[in-house]
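Each remark here refers to the structure printed beneath this line.
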Amino acid sequence: MRHTSPHGAAQHLTGHVHPVDSFYAYFSEVFEVLRDTPSASRSRARYAHRKYWNRLFSFDIPTEMRRKRDAAGRRASITKARSIMQENGGEETEGLSAKALTMQAALQRGDVASVELAARPD
Numbered sequence: 001m002r003h004t005s006p007h008g009a010a011q012h013l014t015g016h017v018h019p020v021d022s023f024y025a026y027f028s029e030v031f032e033v034l035r036d037t038p039s040a041s042r043s044r045a046r047y048a049h050r051k052y053w054n055r056l057f058s059f060d061i062p063t064e065m066r067r068k069r070d071a072a073g074r075r076a077s078i079t080k081a082r083s084i085m086q087e088n089g090g091e092e093t094e095g096l097s098a099k100a101l102t103m104q105a106a107l108q109r110g111d112v113a114s115v116e117l118a119a120r121p122d
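The numbers in UniProt numbering rise by one with no breaks, and the one at position 99 of the sequence shown is 99.
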């Protein structure tokens with residue numbers, strides 16, 4: 001839940017930042033569900049896979065990269081995101097928005113500055 005701070009910015013109620021591994025755990029669970037889809041629904045699963053990557057690259061990962069983490073935490077987050085990309089077909093570009101493509105390219109480069117730049121809100 002978010003509330004307006006005295007400075008006008010919406011802040012998380014608890015101010016808690018989840019550890020990197022617990023933040024990304026849900027991503028892996030979703031990809032497992034998509035992988036286990038019955039063969040009769042494979043085309044729907046492929047569609048969902050593309051849509052999910054679009055969301056991750058355009059919303060979830062940029063939001064994570066804007067969280068307050070120390071340098072080691074930021075590098076760990078980028079490393080985990082890159083690993084999930086490689087394990088779950090995150091290199092595909094079909095159906096990705098311009099914002100998603102920007103984050104995808106930044107993660108492929110893997111440097112902190114590129115990823116943080118791609119994570120900036122529009």
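Using N, Cα and C, we set each Cβ at its ideal position, and we do this for glycine too.
Predicted model, so just to flag it, every value in this text is computed and none were measured.
Simplified DSSP assignment, three categories, for residue i
i	result
Ala-49	Strictly speaking, residue 49 in this sequence is His, with Ala absent from that position. It is helical.
Pro-62	helix
Arg-120	coil
Leu-107	helix
Met-1	Note that Met-1 scores 47 on pLDDT, short of 50, meaning its location in the model is unreliable; the coordinates nonetheless yield the value given after this. Met-1 falls in the coil class under three-state DSSP.
Lys-99	helix
Thr-67	With the sequence shown as reference, residue 67 is identified as Arg, and Thr is not the correct amino acid for it. Three-state result, Arg-67: coil.
Val-17	coil
Short Cβ contact (7 Å threshold) for residue i with residue j
i	j	result
Gln-104	Phe-57	yes
Ala-118	Thr-102	yes
Leu-34	His-49	yes
Phe-27	Ile-84	yes
Ala-25	Thr-37	no
Ala-106	Ser-97	no
Val-112	Arg-74	yes
Heavy atom of the ligand NAD within 6 Å of residue i beta-carbon
i	result
Thr-63	Ligands displayed in this structure: none; no statement on the ligand NAD is therefore possible.
Range of the contiguous alpha helix (DSSP H) that encloses residue i
i	result
Asp-21	20–35
Thr-79	71–87
Residue i burial status per 10 Å Cβ neighbour count (16 or more: buried)
i	result
Gly-110	exposed
Met-1	Residue placement at Met-1 cannot be trusted, given a pLDDT of 47 that sits under 50; the coordinates are not used to answer.
Gly-90	buried
Pro-19	exposed
Glu-64	buried
Pro-62	buried
Ala-81	buried
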